[in-house]
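One structure is given here, and the rest of the page talks about it.
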Amino acid sequence: MRSTRIAAAVAAGVVMLAGLTACKGGGTNNGAGGGSGSSGGSDAAGAKSPLEAALASLKTASQQTSGKKSAKIDGTQKAGPSTRTMKGAMDWSNGINMTVDITQSGGPLGGKTTKAIYTPQTMYMNMGMPMGGKNWIKADYDTLAKKSPAGAVLKDAMQNNDPVKSVDLLIASGKVQQAGKEDVRGVQATHYTGTVDVAEMAKMQAKSLSESDLKALQAQLQQAGATKETIDLWIGPDNLLVKKREQLDGKTASDSTVFYSAYGTKVSVTPPPASDTTTLPGA
């Protein structure tokens, strides 16, 4: 029973990353001129169309946010019947370094808070229930990558991504529109929204995945009934991402919302000593 709970916690830690580090998008100019039809062009006076204006604003937000290199984060992810909340800080100056507290509602871990540490190579989880005399469970991304295409995507995300990849993904799709101004925790932010084809998202991983892994990932998505992801972004007056929501359809739909604040905050990530870590049996 204990190993089952630990396995569930490790899985929760992996799933939580999906909302924090989006699939790696293509170049930020793909599709920028292709908002198909006349909707993507300027009018006779040279004014930007709504699509061009949205793409230009998101490009600026991508550059500004990425350049900050770190931020405090908190949010919620719903996947099937379970809900996970997390709070912590992330640094993306050299891969993803992050510390978060994750709390899951329902299931064997309902109400318990799991401490998690992420480096560009390894994830560490402390569930407050020692295993074999060790307090921390570790899972390295190389091992996860060998086990499944999803693991390969996770490895790429932790070594190459940052929070603005969702911004870049919408830019690359060329399918985005402004949805008005909204208050986000006291910040007057501009809301942008768009829908991305899941099959195209998978193809954007082709550079980091082997052909066999890419095909396996596409097959998994098809089996899960996932066809599209809706991405909503809120950009503050200083051109920084303040909120991100990603909704994936399918048999087990997921809904992830993350808030970003205190950009440039110092993030201290210290992996636990090797003497206090163990790997999950079977991993």
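According to our numbering, numbering within the sequence shown proceeds without interruption in unit steps and concludes at 320. Idealized CB from N, CA, C, for every residue including glycine.
Residue span of the beta strand (DSSP E) that contains residue i, given as start and end
{"i": "Thr102", "result": "Not the beta strand (DSSP E): Thr102 falls in the alpha helix (DSSP H), residues Pro87 to Lys105."}
{"i": "Leu277", "result": "Taken as a continuous stretch (DSSP letters only), Leu277 belongs to no beta strand (DSSP E), as it is neither H nor E."}
{"i": "Val221", "result": "Gln214 to Val221"}
{"i": "Ala311", "result": "First-last for Ala311: undefined, no H or E at that position."}
Residues bridged to residue i [DSSP beta-bridge criterion]
{"i": "Asp111", "result": "Lys124 and Phe296"}
{"i": "Asn163", "result": "Lys152"}
{"i": "Gly231", "result": "Ile268"}
{"i": "Asn134", "result": "Asp128"}
{"i": "Asn259", "result": "Note that residue 259 is Gln in the sequence shown here, rather than Asn. Partner(s): none; Gln259 has no beta bridge."}
{"i": "Ala226", "result": "Glu219"}
{"i": "Ala116", "result": "Ser119 and Ser291"}
{"i": "Leu285", "result": "Glu266 and Ser291"}
{"i": "Lys192", "result": "Lys192 pairs with nothing; no bridge assigned."}
{"i": "Lys175", "result": "Tyr161 and Thr316"}
Boundaries (first-last residue) of the alpha helix (DSSP H) holding residue i
{"i": "Lys183", "result": "Tyr178 to Lys184"}
{"i": "Lys265", "result": "Lys265 -> not in any alpha helix (DSSP H); beta strand (DSSP E) instead, spanning Lys265 to Ile272."}
{"i": "Ser305", "result": "Careful: Ser305 lies outside any alpha helix (DSSP H) and carries neither H nor E."}
{"i": "Asp205", "result": "Lys202 to Ser210"}
8 Å contact criterion, which residue i and residue j should meet: CB distance rounded
{"i": "Gln215", "j": "Thr227", "result": "6 Å"}
{"i": "Pro200", "j": "Lys281", "result": "7 Å"}
{"i": "Ala177", "j": "Thr151", "result": "This sequence places Asp at residue 177; Ala is not what is there. With 8 Å as the limit, Asp177 and Thr151 do not qualify as a contact, their Cβ atoms being about 18 Å apart."}
{"i": "Thr316", "j": "Lys175", "result": "6 Å"}
{"i": "Glu266", "j": "Val235", "result": "6 Å"}
{"i": "Thr156", "j": "Pro308", "result": "6 Å"}
{"i": "Lys212", "j": "Gly188", "result": "Rounded, the Cβ-Cβ distance is 29 Å, inconsistent with contact."}
{"i": "Lys85", "j": "Ala93", "result": "7 Å"}
{"i": "Val224", "j": "Gly273", "result": "5 Å"}
8 Å Cβ cutoff met for residue i and residue j
{"i": "Leu95", "j": "Ile268", "result": "no"}
{"i": "Val304", "j": "Ser107", "result": "yes"}
{"i": "Trp129", "j": "Thr314", "result": "no"}
{"i": "Ile154", "j": "Met127", "result": "no"}
{"i": "Val233", "j": "Ser249", "result": "no"}
{"i": "Ser293", "j": "Gly112", "result": "yes"}
{"i": "Tyr300", "j": "Leu277", "result": "yes"}
{"i": "Asn15", "j": "Val279", "result": "Within the shown structure, residues of the chain are numbered from 38 to 320, placing residue 15 beyond reach of any answer."}
{"i": "Ser119", "j": "Ser99", "result": "no"}
{"i": "Gly165", "j": "Lys149", "result": "yes"}
{"i": "Arg121", "j": "Thr140", "result": "yes"}
{"i": "Ala90", "j": "Tyr229", "result": "no"}
{"i": "Ala256", "j": "Leu285", "result": "no"}
{"i": "Ser312", "j": "Gln114", "result": "no"}
Check: residue i C-beta below 7 Å from any heavy atom of the ligand MG
{"i": "Lys265", "result": "Only the bare structure without any ligand can be found here, which leaves the ligand MG out of the picture."}
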